[in-house]
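Colleague: Questions regarding the structure given below will be posed in turn.
2 protein chains.
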Amino acid sequence: MSSASAQTEELIKEKAKVLIFQKGYLNATTQEIADEAGVNRALIHYYFRSREQMMEILLEEALNEKKMKVTESLSGNKPFREKIANYIDVVVNLGLTYPYFTNFVISEINRHPDKEKLFCSKHKAKTVDLIRDQLEAEIKNGKLAPIPAEDFMVNLVSLCNYPLLAKPILKTIHGMTDEAYYDFLRERKRTIFITVFGEEPPQSVFTSVN
Amino acid sequence: MSSASAQTEELIKEKAKVLIFQKGYLNATTQEIADEAGVNRALIHYYFRSREQMMEILLEEALNEKKMKVTESLSGNKPFREKIANYIDVVVNLGLTYPYFTNFVISEINRHPDKEKLFCSKHKAKTVDLIRDQLEAEIKNGKLAPIPAEDFMVNLVSLCNYPLLAKPILKTIHGMTDEAYYDFLRERKRTIFITVFGEEPPQSVFTSVN
DNA sequence: TGTGGCGTTAACAAAATTGTTAAACAAAAT
DNA sequence: ATTTTGTTTAACAATTTTGTTAACGCCACA
């Protein structure tokens, strides 16, 4: 596999992700993807055989990246609040670059219900389990209002993901530019923490966007 | 317009909504819609001229229904918490029947950015304004932790909508049947209230699903 | 009874999208 | 220099999806 080849293949995947996961053009045609990458449409078939196979690769890659980052944010011997702060940071940052990724995954599941388990079961089940013990300990110690781990996680996921997903709507509501919207989201990391815990986050645990 | 005609037209719209907003088949073809309604595909063109025009009608109808219900839930002289409880109730119930409606709206906005303002601007801007004064009064009276109206609203919207939208994922995570999932969501109405206010809702303000 | 309008249908046409192929091209190896 | 290998392209073919049309059936009503 020559350098040029690897480059082109990567370019196509990259631009397809931009078009679909970033710009939210969920059903981009092969022509539109080729245009975005500035290459001939036939190359998509040369490298990926078919549109569908390319999609599967895109999905798997993005899924793995997210899975890895999320799992890491919730692993190790860190204190509970630090883990959750990391999680918020990671998910919001990912969402800032690929706001429509979740949207895409959901659409895919609806179109191919058989692949459902392939997508999330293993990974997400683990996510809840990564925090369950610590969460219950916090509650026992009176440091957190009692709440089932499932609800806590759903709250967290909702607060992190929805504002990214609903970007065009929220932007219009508040009459924001892209720039202002990103500022708003960065601020929201703290707001999410406060909403979930009822108190301020430790220190400046949140990173800025890449 | 004869009775049969009105019936068929309504049937097509109804079934299209089921397919797209309820089953999440976002890019249903005219054939699939016709099949769902059990009619000849040509009737879609007979009644709506083109697929696109039908979509516009579906969108407008669903949007108006939601707008009306949401606005009503937040209007009148009711106390703040009652309004918010009503809002949660309405949005979650709507989401139970049309979980992918928001998803669809977002996709549409991305495909046709020019229509953006048509969709939400007027309606949603009003939504925030419907609660701003009362929210600020609550904070002033020490009945609610200080929070900007925008953030409060985004929290609320996120917590209400995301779990519906992510139905297939969440169902898989917790290994739920459809039945169990609906129970979970009904329970969540209370959870959302508690998350947002940090305390229990008034009484049994929440209705069961229709 | 038969005529006209309306809803419905199947068959066809057009457009959009995906997939294939053969030839042109470039770079490296012989 | 020539072959070889791998990349890119334009042109074509196949498929899918949308849109159109002409004919059929049905019912109300003259």
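The listed protein sequences derive, respectively, from chains X and D. So that you can map any letter, position 168 of the first sequence is 168 in the numbering used here, and since no number is skipped, the others follow by simple counting. Numbers in the numbering used here are just positions in the second sequence, counted from 1, shifted up by 1000. We put the beta carbon where it would ideally sit given N, CA and C, even for glycine.
(1) When you check each C-beta in the region 1163 to 1196 of chain D against every C-beta of chain X, which residues fall closer than 9 Å?
(2) Can you tell me where the alpha helix (DSSP H) with residue 68 of chain X in it begins and where it stops?
(3) Taking residue 94 of chain X and residue 69 of chain X to be in contact with their CB atoms under 8 Å, please state how far apart those CB atoms are, rounded to whole angstroms.
(4) If distances are taken between C-alpha atoms only, which option among X:197, X:170, X:193 and X:196 comes closest to residue 184 of chain X?
(5) Taking the CB atoms as reference points, tell me whether residue 193 of chain X and residue 85 of chain X lie closer together than 8 Å.
(6) Which residue marks the beginning of the alpha helix (DSSP H) containing residue 1039 of chain D, and which one marks its end?
(7) Could you tell me which chain X residues have their CB closer than 8 Å to the CB of residue 1023 of chain D, listed as they occur along the chain?
(8) Compute the Euclidean distance between the alpha carbons of residue 1027 of chain D and residue 1062 of chain D, then round it to the nearest angstrom.
(9) Measuring alpha carbon to alpha carbon, tell me which of D:1134, D:1008 and D:1100 ends up nearest residue 1048 of chain D.
(10) Output, in sequence order along the chain, the residues in the region 1131 to 1149 of chain D whose CB is closer than 8 Å to any CB in chain X.
(11) Are the C-beta atoms of residue 1058 of chain D and some chain X residue less than 8 Å apart?
(12) Under a CB-based cut-off of 8 Å, is residue 1129 of chain D close to chain X?
(13) Within its chain, find whatever has a CB closer than 8 Å to the CB of residue 1207 of chain D; leave out the 5 residues flanking it on each side and keep chain order.
(14) Please report the straight-line C-alpha distance between residue 201 of chain X and residue 190 of chain X, rounded to a whole angstrom.
(15) In the DSSP assignment, find the unbroken alpha helix (DSSP H) run with residue 183 of chain X in it and report its ends.
(16) Whose Cβ in chain D lies nearer than 9 Å to the Cβ of residue 95 of chain X?
(17) Can you name, in chain order, every residue of its own chain whose Cβ lies under 7 Å from the Cβ of residue 1066 of chain D, other than the five neighbours on each side?
(18) So is residue 1074 of chain D in contact with chain X if we call contact Cβ pairs under 8 Å?
(19) Note down, in chain order, every chain X residue with its Cβ under 7 Å from the Cβ of residue 1050 of chain D.
(20) Whose C-beta lies closer than 7 Å to the C-beta of residue 1031 of chain D among residues of the same chain, with five residues either side of it excluded?
(21) I need the boundaries of the alpha helix (DSSP H) containing residue 89 of chain X, first residue and last residue.
(22) What is the DSSP secondary structure of residue 112 of chain X, reduced to helix, strand or coil?
(23) Could you give the DSSP three-state label for residue 163 of chain X: helix, strand or coil?
(24) Quick one: what's got a C-beta closer than 8 Å to residue 1101 of chain D's C-beta in the same chain, skipping five residues either side?
(25) Is the separation between the beta-carbon of residue 1158 of chain D and that of residue 24 of chain X shorter than 8 Å?
(26) Find the nearest neighbour of residue 39 of chain X within the set X:53, X:14 and X:131, judged by alpha-carbon distance.
Modeller: By the coordinates alone:
(1) If you check each beta-carbon in the region 1163 to 1196 of chain D against every beta-carbon of chain X, the ones closer than 9 Å belong to 1163, 1165, 1166, 1167, 1168, 1169, 1170, 1171, 1172, 1173, 1174, 1175, 1184, 1187, 1188, 1191, 1192, 1194, 1195 and 1196.
(2) Element bounds for residue 68 of chain X: 51 to 73.
(3) The Cβ separation is near 7 Å, so the contact holds.
(4) Comparing Cα-Cα distances from residue 184 of chain X to each of X:197, X:170, X:193 and X:196, the minimum goes to X:170.
(5) Result yes, Cβ atoms of residue 193 of chain X and residue 85 of chain X sit closer than 8 Å.
(6) For residue 1039 of chain D, there is no enclosing alpha helix (DSSP H), as DSSP marks it with neither H nor E.
(7) Per Cβ cutoff of 8 Å: 110.
(8) Their backbone Cα atoms lie some 17 Å apart in a straight line.
(9) Comparing C-alpha distances from residue 1048 of chain D to each of D:1134, D:1008 and D:1100 shows the shortest one belongs to D:1008.
(10) From the region 1131 to 1149 of chain D, only 1145 and 1147 have a Cβ closer than 8 Å to chain X.
(11) Output row for residue 1058 of chain D: interface = no.
(12) The beta-carbon of residue 1129 of chain D is placed no less than 8 Å from the nearest beta-carbon of chain X.
(13) Excluding residues within five positions, the ones whose Cβ falls inside 8 Å are 1089 and 1093.
(14) Straight across, the Cα-Cα distance linking residue 201 of chain X with residue 190 of chain X is about 7 Å.
(15) Residue 183 of chain X -> alpha helix (DSSP H) spans 178 to 197.
(16) None at all; the shortest Cβ gap to chain D is about 12 Å.
(17) For residue 1066 of chain D, where only same-chain residues beyond five positions count, the Cβ hits under 7 Å are 1094.
(18) For residue 1074 of chain D, the answer is no, since every Cβ of chain X falls outside 8 Å of its Cβ.
(19) What residue 1050 of chain D touches in chain X: nothing, since even the nearest Cβ is about 18 Å away.
(20) The answer, listed in chain order, is 1041.
(21) Membership of residue 89 of chain X in the alpha helix (DSSP H) is indicated by the continuous run 80 to 97.
(22) Coil, per DSSP.
(23) Three-state result, residue 163 of chain X: helix.
(24) Around residue 1101 of chain D: 1021, 1062, 1066, 1094 and 1095.
(25) Their beta carbons are not under 8 Å apart, which means residue 1158 of chain D does not touch residue 24 of chain X by this criterion.
(26) Checked all of X:53, X:14 and X:131; the closest Cα to residue 39 of chain X is X:14.
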